[in-house]
Every structure is written in C-alpha cells, then in structure tokens.
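Here the structure is laid out as structure tokens; the discussion comes afterwards.
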Amino acid sequence: MSFLIDSTPRKDGFRMPGEFETHAGTWMLWPERPDNWRNGAKPAQKAFVAVASAIAQFEPVTMCVSQVQFRNARNMLPGNVRVVEMSNNDSWMRDCGPTFVVDGKTARVVDWDFNAWGGLLGGLYFPWDLDDQVAGKVADIERVDRYKAPLVLEGGSIHVDGQGTLMTTKECLLNENRNPDKTQAEIEDLLAGYLNIKKFIWLNHGVYNDETNGHVDNICCFIRPGVVALTWTDDKSDPQYEISQENYEILQSATDAQGRKLEIHKIHQPDPVLIRAEEAEGVDAVEGTLPREAGDRMAASYINFYLCNGGAVVPTFDDPHDSLALAELQKLLPERKVVGVPAREILLGGGNIHCITQQQPKA
Ligand code: KQY
Numbered sequence: 000m001s002f003l004i005d006s007t008p009r010k011d012g013f014r015m016p017g018e019f020e021t022h023a024g025t026w027m028l029w030p031e032r033p034d035n036w037r038n039g040a041k042p043a044q045k046a047f048v049a050v051a052s053a054i055a056q057f058e059p060v061t062m063c064v065s066q067v068q069f070r071n072a073r074n075m076l077p078g079n080v081r082v083v084e085m086s087n088n089d090s091w092m093r094d095c096g097p098t099f100v101v102d103g104k105t106a107r108v109v110d111w112d113f114n115a116w117g118g119l120l121g122g123l124y125f126p127w128d129l130d131d132q133v134a135g136k137v138a139d140i141e142r143v144d145r146y147k148a149p150l151v152l153e154g155g156s157i158h159v160d161g162q163g164t165l166m167t168t169k170e171c172l173l174n175e176n177r178n179p180d181k182t183q184a185e186i187e188d189l190l191a192g193y194l195n196i197k198k199f200i201w202l203n204h205g206v207y208n209d210e211t212n213g214h215v216d217n218i219c220c221f222i223r224p225g226v227v228a229l230t231w232t233d234d235k236s237d238p239q240y241e242i243s244q245e246n247y248e249i250l251q252s253a254t255d256a257q258g259r260k261l262e263i264h265k266i267h268q269p270d271p272v273l274i275r276a277e278e279a280e281g282v283d284a285v286e287g288t289l290p291r292e293a294g295d296r297m298a299a300s301y302i303n304f305y306l307c308n309g310g311a312v313v314p315t316f317d318d319p320h321d322s323l324a325l326a327e328l329q330k331l332l333p334e335r336k337v338v339g340v341p342a343r344e345i346l347l348g349g350g351n352i353h354c355i356t357q358q359q360p361k362a
C-alpha cells in the first residue's frame, strides 16, 4: 500500500539523490505503439531488450508491459529482468515515471503531472492518462509513500547532483505548454520543496530538434557533484554549435549549491542522424502524432546515457564518434564499466537510453 502524503519532501527531510548514487534498481516501460515505433515496434523492442540486459548486469531491472504485450516481452527479455503488467500510452519511464526521494532510511516517490511533452500545445500524443498513472502504480508496487506535486514535469527535464543543485533548460521548463500559470520563481519554489534544491542552473536550450522542447538529459548531465558533461560539436556551421557554446558559457560562470565552480567536459556529438525513407515508412500515420519524414534530423547525443551501480550504459549510433565518446566517458567514470548499446532504434522514437530508464535509489 502506498499512502499519499500531504507535505513536501523538504519539510520531511527527503532529497532527490544524484543518479550516480547507489540504486535499488531500474524501471522501464515496454515499447509497442506503431505510430511512434517503426514496424510495429519490433526493432525498438530488441533495442529495449539490449538496454535492459546491459543494465541487469549491474542491478535489478523491472520492465512494465501492457497486457497485450506481456507474453511477448516476457519471452524476449532475459529471466533476470522482472516483468510486471502495467497499462501505458508509450515507453518513456524517465518522463512519466516516479522521481524517488530518500532520507537515509526510506524512499518515497514524487508524482508529477504528465502532459506528453506539451499537452494540446504541441504535445506528442493524446491521450496520456495511462502514462500519468505510472508513477503512482510504481509507488504502489514498491509500497513506498507518494507526494503529488502540482507541477507539469518530466524526469528528463531535470538533473540533480544530490547535494542541492538542479540543472534544467528554460526551453522546456518555461515553455508555455508546461506550466503557463507559473513564473520561473514559482517553478523554482516547487522544485525546491519537492526535491530539496537550493541552487538552480538554467541552461537555455536543449539539443537541436529535440521534440521534448529541450530536455536537459540529452544535452548535459552530472558525472558526479561538481562535474558535468555537455554535448558538443566543433562544426561551427552546425545549429548545435551555438546552443552548446551558449550552455558552456552558462556552466562556466555557474556555481553549485556547495559554492563550487563546475568542471565541464565536452563530449562530441555523432554526425547528424537523419531518418531514412524505409524508417519513416515504417511508422503508422495517425492524426495528432508527430509525423516522421525521411531526411528529418533526430536529436542524437551521447549524453543520454544511464548510470547504474558500477556501470554506465551509453547509446551508440554506428558513427565514427562512438569510440571516442565511449573512451572519454570511461575516463570520466573510472569506477564504472562503460557499456555501449546500439541505440538508433530508440532515437528514432524520439529519445534515448536515459529517457527510457528511471532509477530507484537505495533507501
Ligand atoms: O524523453 C524523451 N526524449 C521522450 C521523447 C518522447 C518522444 C515521443 N515520440
């Protein structure tokens, strides 16, 4: 049983830990909708199996799956991945799933409002009511108590260092399609209360052409407190150049909640990933969802990796930059095993490995 708590985590002495802190496990959702995933989601399902299997080397993984796909998912996933039935609208556990907070003894869940990245103002599908219930269902399965936060927010739009600092983008959190009735100060106030945050670092934009309205988890992340990695390009003619350069300057002049200057590491992006004709043709056309057109550029970035106990699971794109990104991340994360997983099929759905995973910290 999970109880709804009428308070805030900060008042109760809870905080959101950094992803690099120890996990009890990882939550994922199984892909199936054919208007987002090509060829009836079959190639994406294989990619999700590869991600789940890579993470399961390091910590327990739970895959939430609709009733229709339950047998197929159970059959495709290795035995060490727990499979539970859960209705859903799509498969982005980072965004519709719970944000866990801890106090050193207990874990609790923060349950945000979810509107599919913009609701009726450019959101990515309708309806999203099943996704909006995912966080509460996870809390129930885990028997952890839950806070309901009065804020539209996706987990991929924030990163924290676990020591009072939160990093986000204005493009997403201040977008009129998320919380049009709230000012930046009111949003900060809510995040401070629900995640125990003392310092905000506001980047401007996310990755070029990111359909989430610039989620931070695709452009910049904490490697550990005081150390960040930022997606980068040396190509001044690439639209990503100015975006990354501007964020670099913001990060350079920022200090975190502990008063530290940040150590910033640039990770060069892959070459532009464009949708191929046969990939676009494999996506069902349905009114109200984003069309996939051949030649469209997807928001490919190595920063969309996932840290798990002793590991880092990093997207690869069959690109000449893959090996450099993996080597640089391995250097930055010497205490972890860096594992590359081919992720083009996940990217074609609009996100990547970080977007499809959600950590449950160890209480
Ligand atoms: O966090 C993400 N990148 C999710 C994007 C959703 C895409 C739906 N087509």
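Each residue of the sequence shown is one higher than the last, beginning at 0 in numbering that gives the first Met the number 0.
Each residue gets a CB set at the ideal place from its N, CA and C atoms; glycine is no exception.
CA-to-CA distance, residue j to residue i, given in whole angstroms
i       : j       : result
Asn-303 : His-158 : 12 Å
Val-151 : Asp-112 : 4 Å
Ile-355 : Ile-345 : 9 Å
Ala-184 : Leu-190 : 10 Å
Leu-173 : Glu-245 : 18 Å
Asn-88  : Ala-51  : 20 Å
Val-64  : Lys-235 : 43 Å
Ala-136 : Ala-148 : Strictly speaking, residue 136 in this sequence is Lys, with Ala absent from that position. In a straight line, the C-alpha of Lys-136 is about 16 Å away from that of Ala-148.
Ala-293 : Ala-299 : 16 Å
Pro-403 : Tyr-124 : This structure cannot speak to residue 403, because the chain is shown only from 0 to 362.
Ala-362 : Glu-58  : 15 Å
Val-143 : Thr-7   : 15 Å
Arg-73  : Ala-49  : 14 Å
Lys-41  : Glu-278 : 12 Å
Tyr-240 : Ser-1   : 46 Å
Leu-120 : Lys-181 : 16 Å
Gly-118 : Leu-129 : 14 Å
Thr-232 : Ile-352 : 21 Å
Pro-126 : Glu-31  : 15 Å
Val-326 : Glu-248 : A small fix is needed here, since residue 326 is Ala in this sequence, not Val. Cα-Cα distance, rounded: 25 Å.
Among the options, nearest to residue i - alpha-carbon criterion
i       : options                            : result
Thr-105 : Val-282, Ile-196, His-22, Lys-197  : His-22
Ser-86  : Ser-236, Ala-134, Val-340          : Ala-134
Cys-395 : His-264, Pro-238, Ile-186          : No answer is possible for residue 395: it lies beyond the span of the chain, which begins at 0 and ends at 362.
Gln-367 : Leu-3, Ser-1, Trp-29, Phe-2        : Residue 367 is absent from the model: the chain starts at 0 and stops at 362.
Leu-250 : His-204, Ala-284, Asp-233, Val-285 : His-204
Met-75  : Arg-93, Lys-45, Ala-55             : Lys-45
Pro-314 : Phe-47, Thr-7, Asp-5, Glu-20       : Phe-47
Asp-209 : Arg-296, Ser-243, Glu-187, Pro-341 : Arg-296
Ala-342 : Arg-37, Gly-17, Ala-43             : Ala-43
Where residue i falls: helix, strand or coil (DSSP)
i       : result
Gly-205 : coil
Val-151 : strand
Met-92  : helix
Glu-18  : coil
Glu-334 : coil
Ile-319 : Strictly speaking, residue 319 in this sequence is Pro, with Ile absent from that position. Residue state, collapsed to three classes: coil.
Leu-3   : strand
Ala-311 : strand
Met-27  : strand
Phe-47  : helix
Phe-199 : strand
Gly-39  : helix
Contact check, residue i vs residue j, beta carbons under 9 Å
i       : j       : result
Ile-200 : Thr-167 : yes
Asp-131 : Gly-225 : no
Val-83  : Leu-194 : no
Gly-155 : Asp-216 : yes
Thr-61  : Trp-26  : yes
Ile-218 : Leu-202 : yes
Asn-35  : Val-206 : no
Gln-359 : Gly-39  : no
Asp-94  : Glu-153 : yes
Trp-116 : Asn-178 : no
Thr-164 : Ile-196 : yes
Ile-54  : Gly-348 : no
Ile-4   : Arg-107 : yes
Gly-96  : Asn-176 : no
Ala-256 : Lys-198 : yes
C-beta neighbour in chain D for residue i, strict 9 Å
i       : result
His-158 : The chain labelled as chain D is not found in the depicted structure, where only one protein chain is given.
Does the contact criterion of 3 or more C-beta pairs under 8 Å hold for the segment 266-275 versus the segment 313-324?
yes
I want to know whether the segment 248-264 touches the segment 274-293 - three or more CB-CB distances under 8 Å.
no
Does the pairing of the segment 88-107 with the segment 9-16 give three or more beta-carbon distances under 8 Å?
yes
Touch test, the segment 291-307 against the segment 323-341, Cβ-Cβ under 8 Å, three pairs minimum
yes
Are at least three pairs of beta-carbons, each pair with one atom in the segment 325-332 and one in the segment 67-75, less than 8 Å apart?
no
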